[in-house]
Amino acid sequence: AREFDHLKILFYTDFRAKPGVPSQIQIDTLKNHKIKIMVFDNDKLPDYILNDSTIAKIKSQVWQKDYKGKIEVYYK
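Just so you know, the numbering used here puts 12 at position 22 of the sequence shown, and the rest follows in order with no gaps.
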């Protein structure tokens, strides 16, 4: 997502969002607090996220203004 897209998620949905890719420590903290994790797959995600089947990966360009496609969510 782009720099301010997390604000759109916060404003238009009931989800919490942060910019950037979470570190392994941040992921561990979220899991310890029983928080479900979803990330946008920008084809640059680190292996610790790609190989974690508990993290939902969203393969989409939904944040683009002209987006008319389908959202794919996978857990690998």
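C-beta atoms are modelled at their ideal positions from N, C-alpha and C, and glycine is treated no differently.
Inset, instruction - Give me the Cα-Cα distance between Lys21 and Lys58, rounded to the nearest whole angstrom. - result: Numbered from its first residue, the sequence shown carries residue 21 at position 31. Numbered from its first residue, the sequence shown carries residue 58 at position 68. Each residue's CA atom was taken as its position, placing Lys21 and Lys58 some 33 angstroms apart.
Inset, instruction - Could you pull the start and end residues of the alpha helix (DSSP H) that Ile27 belongs to? - result: In the sequence shown, counting from the first residue as 1, residue 27 sits at position 37. Bounds of any alpha helix (DSSP H) do not take in Ile27, whose DSSP letter is neither H nor E.
Legend entry - Spatial neighbours of Val29 in its chain, beta-carbon cut-off 8 angstroms, leaving aside the 5 residues before and after: One-based indexing of the sequence shown puts residue 29 at position 39. These residues qualify, in order along the chain: Val11, Pro12, Leu35, Ile39, Ile45, Ala46, Lys47 and Ile48.
Legend entry - Three-state secondary structure (DSSP) of Tyr65: Counting from one through the sequence shown, the residue named residue 65 turns up at place 75. Coil.
Legend entry - Euclidean distance between Cα positions of Tyr65 and Lys24: Taking the sequence shown and counting its residues from 1, one reaches residue 65 at position 75. Taking the sequence shown and counting its residues from 1, one reaches residue 24 at position 34. Near 17 angstroms, if we compare the C-alpha coordinates of Lys24 and Tyr65.
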